[in-house]
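Numbering (full-length UniProt numbering), first residue to last: 1 to 132.
Beta carbons are placed, not taken as given, at the ideal position from N, Cα and C, and that holds for glycine.
As structure tokens, the structure follows; a few thoughts come after it.
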């Protein structure tokens, strides 16, 4: 079910992101004109409106910007509660939403995290994060 949701969202702009995850790499976009990183994938830079965008591998390190503990979930996540979802601010400056794995007592705003690649289906890998 999650695979169907995500596969329906994969388009030309985001395909390099998803392909990178399958290979254990976190790619984010970079504007070659204003030199800022971009996330989520798009065709023009939200900072300067340039179309000169490339893909670069992220270091996969960041910090927890915000988080919540999910106690009631639906669909494919129904049986996985409780779990933590957070906004991660990567060292490159972009923020992305993701699951945060590990001891919930260790999860706090500003805690450093690193990406881990979690296979959720045979052909689907998601970037989750863990406290380091």
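Proximity test, Cβ basis, 9 Å: residue i and chain D
i: residue 124; result: Reference to chain D is not applicable here, since this structure consists of a single protein chain.
Reference residue i; option with closest CA among the options
i: residue 86; options: 59, 117, 129; result: 129
i: residue 26; options: 114, 123, 50, 120; result: 114
i: residue 105; options: 96, 67, 13, 72; result: 67
i: residue 59; options: 11, 91, 118, 117; result: 91
i: residue 100; options: 75, 78, 65; result: 65
Contact check, residue i vs residue j, beta carbons under 9 Å
i: residue 112; j: residue 84; result: no
i: residue 46; j: residue 16; result: no
i: residue 36; j: residue 48; result: yes
i: residue 89; j: residue 62; result: yes
Reduced DSSP category for residue i - H, G, I as helix; E, B as strand; rest coil
i: residue 17; result: helix
i: residue 135; result: This structure cannot settle anything about residue 135, because the visible part of the chain is limited to 1 through 132.
i: residue 102; result: coil
i: residue 90; result: strand
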